[in-house]
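This is the structure in C-alpha cells:
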C-alpha cells in the first residue's frame, strides 16, 4: 500500500486512476448487461390439444392484458392477433420483444421471457384462433446450397435501405429503428420476412419465395460471421466511423509525434 | 573536416555542370523554426507522397471499365453476381493480390489523413495569421489544394463502383441536373448520357490518376518553394523578430526531423491498413441502380455537403415551365462555395479593414486576435453542424434521437451555434489576454507565502522570465487606417477623409476596424507605443507605407477599447 | 533565390580547396563585404557579420556565422552533444530501433512469401502480417530518427536574417526599363493592327478545346421525361425476374422492388424505371393517389427519389411512409406519395397499373410525369 501512496504525486498517477476507473466501470457494465437471446430450438411438432390449452393459459397470464382475452386487440394499445399466425408469435416472443416491457417507439429485442416450449404453446394457441403463417420447419430455414449471390441482390434491394448493407441496423422515423441482424436466428429472419413485424413490410412466400428467403438468410448469416480481412470492422456502417478514426486516431497520433519531435529537451525547458 | 572522397567526386561532377555549391549551401543552412504546429502541413505532404506510391501500385491492377462481368472469383459471397469490371478488379486486388488489400487500405487512409491534415494545417494558418502578407499567394494555393483534394478523394472512392459510392455518384448527377439552364447538359456530358452510363468510371479514372494529381503536384511544389523562399513564419518568443528566423538548420536537424516525421506518417498509415478496415467494398456489393443502404454517407470531407443537402427545406420554384430546384443547388453550391470564397478573400478583407500593409513573419497568438479567432471558430462550428447533420441517421440510430428531430435541430443550429461560438470565443480570448496582462503587471506566483510584520499573509511573486515576457508581450501591430488631409489636432476638425475612408463604406471600414482590432491593451510600462512590432526585436520592414504620427484612427494596441461585443 | 538570400555577391568568398586560416578570416570578410548590406550592422573590417537577438541562456547554444566562412574557419555547429554519457545510451537505443526496423522489413518480405490470399481468412492474416511488419519497420525508423535528433545531435538554436522581399528600387527600375524597351522594340505597342489581329487569331484556337468536348455526351433532349415503362410491360421482381399477379402480392403491408420485364441487366433503364409496389388494406388508399391506377389496393410508385435520385425504398408498414435513406425525404404512400418531410419537393410519381389477360400486373403506360430529381426543363 505504501508503494501506491508514495507515488500518489507521480505525473502519471492521474492517468493511472482514470484508467483503473474506466476498467472498473467497463467490467461492471459488461457483467450487468444481459446476454443474447436463446436461439429458437427445433420447430414444434404438430399442435395438439394439450399444447393449445397450455398456450392459452400462458396467453391469459402474459398477453391478454394488452391483447385482450380473445386476442382481439385493444385500439391504441395492442393489435389483434387473430390471423397473425404462429410465425408472428414465435418471432415476437423468441426475440423477447413480447411481452412488451416498456412502450417506446418500438419493441426492442431483449432476453426472452418464455422458453421455447412455452413460446410454441402460445404460438399454437394463436394459430388455432385464426390461422396465419406458420413457424417454418427446419428444412425451410436450412440454408445449405442457397444461392448467396442472389441473396445479396435481394437483400440489398429490399432490406438494406432499413437494415444497412450487412444488416447492421438503421434509423427509421419517430424513434423507430430497423434492428441489427447480428443476433437473429435463421428462423427469426424467416418469420420476420413472412410476417412483417411492426414497421417492417411483409414479404410473403408468393412475393419472395421460400428459396429466395433462404438465399437472403444465407447471405446475412454468412456475412455476419465473416472475418473482416482489413482489421477491425469499425461497426460496418461506413465512412462515419472511418472519419472518426482518421481524426481521433491518425491525426491525433501525428500530432503527438509532432509534439515529441519538436519538444524542448527536458534539461533546458525548465529554466 | 574531411569529407568522403566519393562524395567529393560526385559533388564536383555535379557542380561542374549545375553550379550548385553556393545555392545548395544556402539551402542546407536554412533555418527552420521549431513548433509542433508547423508540422501539420507536412502530414499532408507525406500523405500525398504515400498516396502517389500506393496509388501507382493500385493502377497496376485496377480496371477502370464499366463493362459487366459475372463474378466467379475468390470472394464467394458474390459468386454469380454480375458487376462492372471496375468492381471485379477491386475485389481481385483485395482478395487475390498479396498486399493488395493493404495497399488499398493504406491508400484510402492516406486520403483521409491528407484531407484531415489539410484542414488542421489551414486552421493553424488562419488562427496564427500566417496568411498575411507576404503569404497570401500561398494561402490561395492552399485553398486550391484543398478543393483539388476534395475532388480527388471523391473520384477516388467512386472508382470501385460499389453501392455506396455509386449512390454518391447518383447524388452528384442529381445535383448537376438541378443547375438552372445548363444542368441537364452538364450531367449528360459528364456521364456520357443518362445515369449511370458507361463513361463515368473511365473518365474519373483519368481525372483521379492523371490530371488532378498533376495539378496537386505542381501546386504543392509551388507551395513549398514559396514557403522556403519566403522563409517560414515563427512563433513569438525571445530573440524572434520580424526580421529573423530562429530555429535549427536544415542540415542535419530539420532533414532528420522531417524524415522521422515521414516515417511516422507511413508507419501509422501502415498500421491503420493492417488493423482498421476501411471501404470494405465487398460488403457494400456492386453498384445497383435499384438498391440503397441505410446509413449511406460519403467520406468525411464531403460530409458538410451531405449535411447541407439534408438540412435544406423543400423549396423550389416552378415558373414558365422551368424549375428552379433551390432545394438542391443552393445547399450543394452555397455553403462550400461561401466557405472557400470567404477563405480566399479573407486575407484581403482583413488587410482592407485593418489597413495593414506590413509584412508579417511572426505568428499571432490566437488570443491576441480575438475577432479573427472568434470568426474562425464560428465558421468551424457552422462546418461542424452541417458535418454532423450529414451523419444524422447514424447519430439518430446510435444515440436514440428521433430522426426528424436531428434535422430540425440542425435547421436552427446552423445559425445559432456559430453565433454562440463567436461570442464565447471572443470572450475567452479577451479573458486570456487579461490573464496575460495580469501576469505582466503582477508577475508569476511563486507559492512562497510570507507574513508581513502586520500579520498579513502575502504570496510572493516574481517577474515573468524573459522568454515568457517576450511571448506575452507579442501583439499584432496595427498601423491604423489612412488619415485624410487637413485633419487637425482638435476632435472637431476632420478634414477630407482619405481615399478608401469615404462614405458609407469608409464608415463601415472604421467600425470593422474597431471590432477586428479589439484587444485588451498591454500594461503601459514602456511597451506598445507603436515602435516595437512583433516580439521585442528591432528594425522595421521598410516595405510598407506607415502613416506618420502616433495618433491613429481606430484602436492601436494601447487604446483598444475592451468590452465591445 | 540565391541572390536575395545570399547577399547578392557575385564573387566568391574564400578560395575553393586551399583555405585561408583563422588570421586571414577578418581580412577575407572585410574584402568581400559591402558596407550597408545588412541593416543595423557596423561597417568596417572589425564587423563580424552575424548576430541574432539575445539568445536563450542555455548551455550549448551557439551563434551561427551567416557569412560563408573560408574553409578551416571556426565551426558553425558544435561537433558533439554535451552529455556524452546520455548520448551513448541514446546511440544504443537508436541502433536498436534501426535493427528492429530491419527485422520488420525482412519480416514483411517473409510475410509476403508465406501468407497466401484467395480466401477471406487468408486475406486477413496476410493483411495483418504485411501491415504490421511494414508499420513496425517505419515507426521504428521514425522513433530511431527522432531519438537521434533529440539526444545525439547537440542542442542548437540558430538564426538567419530575413531580407526584404521587395526588390531594390534599382532592380525594379532596371526591370521596368528592360520590359519597356523590349515592348518598344517588339513593335507590339506601336502597331495596333498586329496586336488586334494577334488577339483575334488566338481566340478561336483557345475556344477550340471547349468545342472539342461537345461529343462527350448526347444532348438530353427529352430523354429525362420518359422511362422504359410502356403499356403492357409486366412488372417483375428485381433479382428473380418473376412476374406477379395481384394474388401473389395480397398480404397488406407488403412492399417490394419491381422493374420492367426485360430490363434486368440495363442499369440505365433501371436508374429511372425502378418501382416500389405496396399493398394496402381496403380503404387505406386516399386521394391524391389515383385509384384508377391501382389494382386491388396495390399501388406502384417510382422508387427514384425526387430529391436526388437515390432509390427511396424504406417503407414503414405502420405509418405507410416511404423514407429515402439518403436525405430523409418522406412520402406518404397512402396519399399519392406526397412529401411529408425532407428536402424533396415533388411527390413520387405513380405508375398506372392494371392486369393483363393472363392476370399479371402490368403498366398501363409510362409514368405521367418525369421521374427522379427536378431539372430545369421540368415544368
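Residue numbers (our numbering), protein chains in the order written: chain A, 1 to 271; chain B, 1001 to 1565; chain C, 2001 to 2379.
C-beta: ideal position from N, C-alpha, C; glycine also.
Quiz prompt | chain C within 7 Å of residue 1095 of chain B, Cβ atoms only | solution = yes
Quiz item: Okay, do the region 1187-1196 of chain B and the region 1104-1124 of chain B touch, 3+ Cβ pairs below 8 Å being the bar?
Solution: no
Self-check item: C-alpha distance - residue 2274 of chain C paired with residue 1415 of chain B, whole-angstrom precision
Solution: 38 Å
Exercise. Determine the closest residue to residue 1514 of chain B out of B/1211, B/1401, B/1369, with distance taken between C-alpha atoms.
Key: B/1369
Practice problem: Would you kindly work out how many angstroms separate the C-alpha atoms of residue 2143 of chain C and residue 1273 of chain B, rounded to a whole number? | Solution: CA-to-CA, the gap between residue 2143 of chain C and residue 1273 of chain B works out to about 20 Å.
Exercise. Measure the C-alpha to C-alpha separation of residue 1213 of chain B and residue 2200 of chain C and round it to an integer number of angstroms.
Key: Cα-Cα distance, rounded: 34 Å.
Quiz item: DSSP beta-bridge partners for residue 1244 of chain B?
Solution: C/2161
Practice problem: Give a yes or no on whether the minimum CB-CB distance between residue 1006 of chain B and chain C is below 7 Å. | Solution: no
Practice problem: With a cut-off of 8 Å on the beta carbons, I'd call residue 1482 of chain B and residue 1355 of chain B a contact; round off their distance for me. | Solution: 6 Å
Quiz item: Assuming residue 2337 of chain C contacts residue 2350 of chain C under a Cβ cut-off of 8 Å, what Cβ separation, rounded to an integer in Å, is found between them?
Solution: 7 Å
Exercise. Taking C-beta pairs closer than 9 Å, name the residues in chain C that residue 1181 of chain B reaches, listed in chain order.
Key: 2376
Quiz prompt | Burial state of residue 1477 of chain B (16 or more Cβ within 10 Å) | solution = Taking every protein chain shown into account, the CB of residue 1477 of chain B has 16 or more other CB atoms within 10 angstroms, so this residue is buried.
Practice problem: May I have the straight-line CA-CA distance separating residue 2292 of chain C from residue 2359 of chain C, to the nearest angstrom? | Solution: 17 Å
Practice problem: Assign residue 1247 of chain B to one of two classes, buried (16 or more other C-beta atoms within 10 Å of its C-beta) or exposed (fewer than that). | Solution: buried
Exercise. Can you grab the Cα-Cα spacing for the pair residue 2372 of chain C / residue 1185 of chain B, in whole Å?
Key: 16 Å
Quiz item: Hey, quick one: how far does the beta strand (DSSP E) through residue 1283 of chain B stretch, first residue to last?
Solution: Bounds of any beta strand (DSSP E) do not take in residue 1283 of chain B; it lies within the alpha helix (DSSP H) bounded by 1281-1284.
Quiz item: What in chain C is Cβ-close to residue 189 of chain A, meaning under 7 Å?
Solution: Result: empty, since nearest Cβ-Cβ is about 17 Å, beyond 7 Å.
Exercise. State the DSSP-derived secondary structure class of residue 2336 of chain C, mapped to helix, strand or coil.
Key: coil
Quiz prompt | Closer than 8 Å at the beta carbon, the chain A residues around residue 1077 of chain B | solution = 148, 149, 152, 219, 222, 223, 226
Quiz prompt | Spatial distance of residue 2127 of chain C from residue 2118 of chain C (CA atoms) | solution = 12 Å
Practice problem: Check whether the Cβ of residue 2379 of chain C lies closer than 7 Å to any Cβ atom in chain B. | Solution: yes
Quiz prompt | Interface positions of the region 234-247 of chain A facing chain B (Cβ-Cβ less than 7 Å), listed along the chain | solution = 234, 236, 237, 238, 239, 240, 242, 243, 245, 246, 247
Self-check item: Buried or exposed by the 16-neighbour rule on C-beta atoms within 10 Å, applied to residue 2190 of chain C
Solution: exposed
Exercise. Express the C-alpha separation of residue 2135 of chain C and residue 1420 of chain B in angstroms, rounding to a whole number.
Key: 43 Å
Exercise. Label residue 1262 of chain B either buried or exposed according to how many other C-beta atoms from any shown protein chain fall within 10 Å of its C-beta, with 16 as the threshold for buried.
Key: buried
Self-check item: Alpha-carbon spacing of residue 193 of chain A relative to residue 159 of chain A, whole angstroms
Solution: C-alpha separation (whole angstroms): 10 Å.
Quiz item: In chain order, what residues of the region 2120-2134 of chain C put their CB closer than 9 Å to some CB of chain E?
Solution: Given the protein chain composition of this structure (A, B and C), no chain E is represented.
Quiz item: Is the Cβ of residue 1058 of chain B closer than 7 Å to any Cβ of chain A?
Solution: False, the Cβ-Cβ gap to chain A never drops below 7 Å.
Quiz prompt | residue 2226 of chain C (DSSP reduced to helix, strand or coil) | solution = Reduced to three states, the DSSP call for residue 2226 of chain C is coil.
Exercise. State the CB to CB distance for the pair residue 167 of chain A and residue 215 of chain A, rounded to an integer number of angstroms; the pair is presumed to be in contact (CB under 8 Å).
Key: Between residue 215 of chain A and residue 167 of chain A the Cβ distance is about 14 Å, and since that is not below 8 Å, they are no contact.
Quiz item: With distances taken from CA atoms, which of A/233, A/74, A/246 is nearest residue 1119 of chain B?
Solution: A/246
Exercise. Please report how far the alpha carbon of residue 2115 of chain C lies from the alpha carbon of residue 1276 of chain B, in whole angstroms.
Key: 19 Å
Quiz item: Looking at chain B, which residues of the region 49-74 of chain A have a Cβ within less than 9 Å of any of its Cβ atoms?
Solution: Listed in chain order, the positions of the region 49-74 of chain A with a beta carbon within less than 9 Å of a beta carbon of chain B would be empty, since no residue qualifies.
Quiz item: Under three-state DSSP, which class holds residue 1362 of chain B?
Solution: In the three-state reduction of the DSSP assignment, residue 1362 of chain B falls in the strand class, which pools E and B.
Exercise. Report the neighbours of residue 182 of chain A on chain B: residues whose CB is nearer than 9 Å to its CB, in chain order.
Key: Those do not exist, as residue 182 of chain A stays about 14 Å from chain B at its closest Cβ, beyond 9 Å.
Self-check item: residue 2367 of chain C: contacting residues in chain B (beta-carbon distance under 7 Å)
Solution: Ordered by position in chain B, no residue passes the 7 Å Cβ test against residue 2367 of chain C, which lies about 15 Å from the chain.
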